[in-house]
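In the order they appear, the protein sequences are chains S and W. The number in the numbering used here is simply the position in the first sequence, starting from 1, with 84 added. The number in the numbering used here is simply the position in the second sequence, starting from 1, with 146 added. We put the CB at the ideal spot given by N, CA and C, even for glycine. What you are looking at is a predicted structure, and each value in this text was computed from that prediction instead of being measured. Here is the structure we will look at, set down as structure tokens.
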Amino acid sequence: MIGVLASGRDYCQEVYRAWNGFWFTPKDPATLSLLRLLAGAMLFYTHLVWSLDLSAFLGPHGWLPVEYLRSEVQVQGAQGMQVPIWSVWSIFFWIQSTWLLWCVHLFALTIFFCLMIGLFSRTTAVLGYLLAVSYAQRVSPGAFFGLDKVNVMLAMYLMLGPCGARYSLDRLVRLRRSQQAPLGGKGPIESTPKKQTSPAASTSANIAIRLIQIHLCVIYLFAGMAKLEGANWQAGTAVWWAVANLEYQSLNMTWLARWPMLVALATHLTVFWEASYCFLVWNRYTRPLVLWMAMFVHTGIALAMGLMTFGLAMIIANLSFLSPATVRRWVDPLAARFSLLLVGKQVG
Amino acid sequence: MSARAKPQPAAQSSAARSSSVRTSSSRTSSSQVAKPARPAGHELPWRPAVRGLVSLLLAYHLLAVFVAPWNLSTRAALPPGYTPGTDPSGRQLPPPGPEDPSWQQPRLIRALADFCWNYQNLAYLNHGYEFFAPDPSGTHLIRFWVTRPDGKVIAGHFPDLKEQWPRLFYHRHMMLAEQTAGMGENSGIHYAEHLARVHGGRAHLEWVVHLLLSPEQVLSGKKLDDPDTYQVLATVDADAPPTPLPPVGAETQEQLPPAAAATYPSGASGGGR
Chain S
85 MIGVLASGRD
95 YCQEVYRAWN
105 GFWFTPKDPA
115 TLSLLRLLAG
125 AMLFYTHLVW
135 SLDLSAFLGP
145 HGWLPVEYLR
155 SEVQVQGAQG
165 MQVPIWSVWS
175 IFFWIQSTWL
185 LWCVHLFALT
195 IFFCLMIGLF
205 SRTTAVLGYL
215 LAVSYAQRVS
225 PGAFFGLDKV
235 NVMLAMYLML
245 GPCGARYSLD
255 RLVRLRRSQQ
265 APLGGKGPIE
275 STPKKQTSPA
285 ASTSANIAIR
295 LIQIHLCVIY
305 LFAGMAKLEG
315 ANWQAGTAVW
325 WAVANLEYQS
335 LNMTWLARWP
345 MLVALATHLT
355 VFWEASYCFL
365 VWNRYTRPLV
375 LWMAMFVHTG
385 IALAMGLMTF
395 GLAMIIANLS
405 FLSPATVRRW
415 VDPLAARFSL
425 LLVGKQVG
Chain W
147 MSARAKPQPA
157 AQSSAARSSS
167 VRTSSSRTSS
177 SQVAKPARPA
187 GHELPWRPAV
197 RGLVSLLLAY
207 HLLAVFVAPW
217 NLSTRAALPP
227 GYTPGTDPSG
237 RQLPPPGPED
247 PSWQQPRLIR
257 ALADFCWNYQ
267 NLAYLNHGYE
277 FFAPDPSGTH
287 LIRFWVTRPD
297 GKVIAGHFPD
307 LKEQWPRLFY
317 HRHMMLAEQT
327 AGMGENSGIH
337 YAEHLARVHG
347 GRAHLEWVVH
357 LLLSPEQVLS
367 GKKLDDPDTY
377 QVLATVDADA
387 PPTPLPPVGA
397 ETQEQLPPAA
407 AATYPSGASG
417 GGR
């Protein structure tokens, strides 16, 4: 009996240690900073595109008037007693004039741009998330799709950690200030040259990355499970029906009609990959396979089906599984060139 | 084993060193030796109370993330072996309506969804991830004609690659046509009113489904944009009540011969949604 209790206690201690290690071990913010750069660029571009017909999609009276959405679509309650869902919110629900709409839009684009280049990163990450939700809620339903979900997901987790610790203007500003600070005075806390060029490991950076990773696992798990219900996914023909869709097509893949076995292989592989992603991505031996498959699938969707932005957003999210050391090995040399140009010093 | 055995001499030497330097604090040094190894995590920067609070918040957030697609992907079910009975002439009745008590609701999932509902909405988490699922289907388009007061007619359709660029802008228009099915007939009226307002006239809309071709049809030379592949599902006028929009998949299937209905997947599950 005592042995059972002791092993139970050991198990709990192991779980406690594993939980702490998984969530609260400080990590180099390199991966989070890279995601900020890429997701910020994606947020900026995808919201810039709204400018082409801003009033029609986001104005009070466009394709789907706000009043219609709030009184007939985004409602809850019994028939005849339906009221707008208070927790579905958007700044665009309250904007009535075109000039104010454009002011908010330009403000949002500025925020997304600052997030991309890493200027006032902690502030712009929070504002960027709130604005991304505002845009997405205004067009849901209507013109939203998977891109908006991934955009908001990335923006949500970026604001949790020091996303501007690397590859940002914030970092260059800090370096410049540290160079100008008098020696021995009330200067930077990190005074040695080595520390100046190396942001501190951060627990919140680790939490943000872990949340992106787990959220991505949930996305793939339910995408895979939904496909398992489809007769064409079961029959191994779904990839054909996807590439035979003219409205999606950006690359003619109808030559696949001659290769039914290849179509079947691609279909079944897609389902198994999506359904098993959440299990295989945590193992160091299967992780590269799963991530390369993600690159292959999303690049294929982007090139062949015209979903370039969605494919890129998913690839960006998958980069959350890269270790900070790998990110630094790839990105630091590039970042060093920029910093040399801007502050006369090579840093990552 | 060796990893566990090694720290002991180190601890002893540390204690010996400590006692040699601080001879008056023998109790302290002995307690350092006897103290069991603290669990990993004591060097973590956040205090246990903070970690506990953050852990609770993380658990709730991840529950919300998980429950949203789970709730949307589950449906009520009839008991095994349930048969809906027959009418007086012996024909089988359709399945009971959604209010019928025979339906078994996924109670746990619905309860969890209620628990997370407002948080999911606030954070924009309340959606599923059905990318091209359960089956890829034909796309929907909207054709329009706006008759201006001077008699000039402006015709077009969306999505339209020639008019809408870049691709993301085109895709937004594709979603407009695609998602009107889930919003009921009134969405079509609003599209027509918008077009009438923009072009200054009276708008007439056709909601169209573009059916997909099988590999055999493509190999036989049929084009993906063959006129046969477009079917009008409903029409809408800006200042007239619309013809009712039929349910998406059912309408398409009914209009096709049985063999064709089996060939063409239908439904409104757009890619990337």
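At a Cβ cut of 7 Å, what residues of the stretch 209-241 of chain S count as close to chain W, listed as they run along the chain? V217, A220, Q221, P225, G226, A227, F228, F229, G230, L231, K233, V236 and M240
Could you tell me which residues DSSP puts in a beta bridge with G302(W)? F290(W)
So which of E313(S), R250(S) and M237(S) has the shortest CA-CA distance to Q297(S)? M237(S)
Three-state class that DSSP yields for P110(S) in the structure shown: coil
Output needed for P144(S): all residues of its chain with C-beta closer than 6 Å, excluding positions within five of it in sequence on either side, in chain order. V150 and Q180
Is the distance from the Cβ of G274(W) to the Cβ of F306(S) below 8 Å? yes
Quick one, are the C-beta atoms of Q310(W) and H319(W) less than 8 Å apart? yes
Would R289(W) pass as an interface residue toward chain S - the criterion being a Cβ-Cβ separation below 8 Å? no
Residues that DSSP places opposite L351(W) in a beta bridge: F290(W) and V382(W)
Could you work out which residue in L314(W), H207(W) and L218(W) is closest to L268(W) when comparing CA atoms only? H207(W)
For T191(S), is the classification buried or exposed, using 16 other Cβ atoms within 10 angstroms of its Cβ as the cut-off for buried? According to the sequence shown, residue 191(S) is Phe rather than Thr. The residue in question, F191(S), is exposed, as its Cβ has fewer than 16 Cβ neighbours within 10 Å.
Can you find the residues in the same chain that come closer than 7 Å, C-beta to C-beta, to W325(S), ignoring five residues on each side of it along the sequence? N316
Output yes if chain W places a C-beta closer than 8 Å to the C-beta of M309(S); else output no. yes
Please state the DSSP three-state secondary structure of S433(S). Because chain S is modelled from 85 through 432, residue 433(S) falls outside the range shown and cannot be assessed.
Decide if the stretch 272-289 of chain W is in contact with the stretch 246-259 of chain S; the criterion is three or more beta carbon pairs, one per stretch, under 8 Å apart. no
So, A378(S) versus S334(S), is the Cβ gap smaller than 8 Å? no
If we call anything under 8 Å between Cβ atoms a contact, is A239(S) one with Y213(S)? yes
Identify the residues that DSSP records as bridge partners of Q377(W): which are they? V355(W)
Could you tell me whether the stretch 163-173 of chain S touches the stretch 106-119 of chain S, using the rule of 3 or more Cβ pairs below 8 Å? no
Spatial neighbours of A140(S) within its chain, please: C-beta separation below 6 Å, excluding the five flanking residues on both sides. G146 and W147
If we define contact as Cβ-Cβ less than 8 Å, is V364(W) a contact residue for chain S? yes
Chain S partners of F278(W), CB-CB under 8 Å? K311, A322 and A326
Measure from the C-beta of F108(S) to each C-beta in chain W and report whether the shortest distance is under 8 Å. yes
Going straight from the alpha carbon of G164(S) to that of Y228(W), what length do you get? 32 Å
Completely contained alpha helix (DSSP H) runs for the stretch 285-321 of chain S, where each covers 4 or more residues: 287-312 and 315-319
Any beta-carbon of chain S closer than 8 Å to the one on V211(W)? yes
Going by beta carbon distance, what residues of the same chain come within less than 6 Å of L258(W), once the five residues before and after it are set aside? V213
Extent of the continuous alpha helix (DSSP H) to which T83(S) belongs: The requested residue 83(S) does not occur in the structure, where chain S is confined to residues 85 to 432.
Could you name the residues of the stretch 371-382 of chain W whose beta carbon sits closer than 9 Å to any beta carbon of chain S, in the order they occur along the chain? D371 and T375
Does chain S have any CB closer than 8 Å to the CB of Y270(W)? yes
Rounded to whole angstroms, what is the Cα-Cα separation between V302(S) and L132(S)? 29 Å
Output needed for F197(S): all residues of its chain with C-beta closer than 7 Å, excluding positions within five of it in sequence on either side, in chain order. F128
For the alpha helix (DSSP H) that Y241(S) lies in, which residues bound it at each end? G230 to L242
Check the Cβ of A114(S) against every Cβ in chain W and list those closer than 8 Å, keeping chain order. Those do not exist, as A114(S) stays about 18 Å from chain W at its closest Cβ, beyond 8 Å.
Can you tell me the Cα-Cα spacing of L403(S) and N217(W), whole angstroms? 28 Å
Buried or exposed, going by whether 16 or more other CB atoms sit within 10 Å of the CB of W414(S)? exposed
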